[in-house]
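Here is the structure we will look at.
2 protein chains.
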Amino acid sequence: MGLDERRIEAYFALTEAHSLLQLLMEEQLKRDGDISYLQFFLLARLAQAPEGRMRMTDLADTVIHSRSGLTYHATKLESAGLLRREPSPTDERSVTAVITDQGRGLLEQVLPGHIALVRQGMFDPLDDPQTEALADALTLVRNHLRAMVPTSAERRRS
Amino acid sequence: MGLDERRIEAYFALTEAHSLLQLLMEEQLKRDGDISYLQFFLLARLAQAPEGRMRMTDLADTVIHSRSGLTYHATKLESAGLLRREPSPTDERSVTAVITDQGRGLLEQVLPGHIALVRQGMFDPLDDPQTEALADALTLVRNHLRAMVPTSAERRRS
DNA sequence: TATTGTTATACTCTATAACTATA
DNA sequence: TATAGTTATAGAGTATAACAATA
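Chains as they are written, first to last, in the numbering used here: chain A, 1 to 158; chain B, 1001 to 1158.
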């Protein structure tokens, strides 16, 4: 078939590891902040952006969803007071999503448990060199995939 | 916070890599076999089990879903002729899911494109030592998480 | 009593295309 | 004409608890 056993194993391990991790995360985030995994990621992504703000379309691309899907979640997060949407001054078609203080507060509330779970679930079984190697490889793969996957705007065109 | 930048980066890379990969997979599987990622995994898991058969509860655990969720998908796959359900001879409460010839046929139809995509998306950016290291680390993490996550029966009890 | 699988039900999420407005 | 975001709507998937049958 052209892809050796070792690689197939690695692929399935990636998928299953991520599924299991996500199951644990979903529980933790629900418990600590009554928030979904996806919404946590949206807030986390916003929080690390300059001034906590990002254009809707760019935000959609980082989380892979269709724009309508992002609108759906943005509406929910906005109702909960965790982000707000502002018109862009430079391009009036654009909307900028901004994380609120309350949104940052929720992140702070949820992050300690989240990070503890990441450490426990993902890094406890690895020593330092293995951790380095994993980080290096995953970063390469992620960057490669980013280039391969069309943006939400590109997908829409076709 | 106790978890260094490198590890947080690796964690986010895992999540994003898997999301991007899944987006590509979903398209490929839909196109080549009109099947979802989850249903592909159910069939693939069955196909690699002895005699292509597995107890419903065990199958649910490998794919992480609730039992009712598995019943939902098993019903769809059965309607499509891709698996069948048989009563277990040893325990009459149990149901055994068995992949059909048609199910194996669909896997064969879909696998070449799938494997090509795995190679292109996941392994093209890695050299051999990096691939080895990634496989080793992900396998350790996966096994560790398997032990951490309660089975569907255990989750039900609580 | 405990376990297996199913069902009913309500809910969340997703995806498409149509729509408005700005560029 | 192309792009940004929203909306309407329809469909897929999910989770819970209640259920019947068996251990």
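All C-beta atoms in this analysis are idealised placements derived from N, C-alpha and C, irrespective of residue type, glycine included. Keep in mind that this is a model prediction, so the values were computed, not measured.
Put simply, the CB of Ile-1099 of chain B is far from chain A, with every gap to its CB atoms at 7 Å or more. Residue state for Arg-146 of chain A is assigned as helix, using DSSP reduced to three classes. Put simply, the backbone Cα of Ala-153 of chain A is about 17 Å away from that of Glu-1027 of chain B.
For the pair of segments examined, the segment 1031 to 1047 of chain B was found to touch the segment 1088 to 1100 of chain B: the number of CB pairs separated by less than 8 Å reaches three.
Sequence-distant partners of Tyr-37 of chain A (beyond 5 residues in either direction) whose C-beta falls short of 7 Å from its own C-beta, in its chain, are Gln-22, Met-25, Glu-26, Leu-29.
Around the beta-carbon of Thr-1151 of chain B, fewer than 16 other beta-carbon atoms lie within 10 Å, marking it exposed. According to the DSSP assignment, Arg-7 of chain A belongs to the alpha helix (DSSP H) that extends over 5 to 33. Three or more beta-carbon pairs separated by less than 8 Å are not found between the segment 1118 to 1125 of chain B and the segment 1066 to 1083 of chain B, which leaves the two stretches without contact. About 5 Å separates the CB atoms of Thr-1139 of chain B and Ala-13 of chain A; that is less than 8 Å, so the two are in contact. Counting only Cβ-Cβ distances below 8 Å, Ala-13 of chain A has contacts in chain B at Ala-1135, Leu-1138, Thr-1139, Val-1141, Arg-1142, in chain order. Looking from the CA of His-73 of chain A, the closest CA among A:Leu-145, A:Pro-129, A:Pro-89, A:Met-56 belongs to A:Met-56.
Judged by DSSP in its simplified three-state form, Ile-99 of chain A adopts strand. The C-alpha of Leu-20 of chain A is placed about 27 Å away from the C-alpha of Arg-104 of chain A.
Proximity of His-18 of chain A to chain B, defined by a Cβ-Cβ separation below 7 Å, is satisfied.
Judged by DSSP secondary structure, Glu-86 of chain A falls within the beta strand (DSSP E) whose first and last residues are 83 to 87. Per DSSP, Met-1122 of chain B lies in no beta strand (DSSP E) and is assigned neither H nor E.
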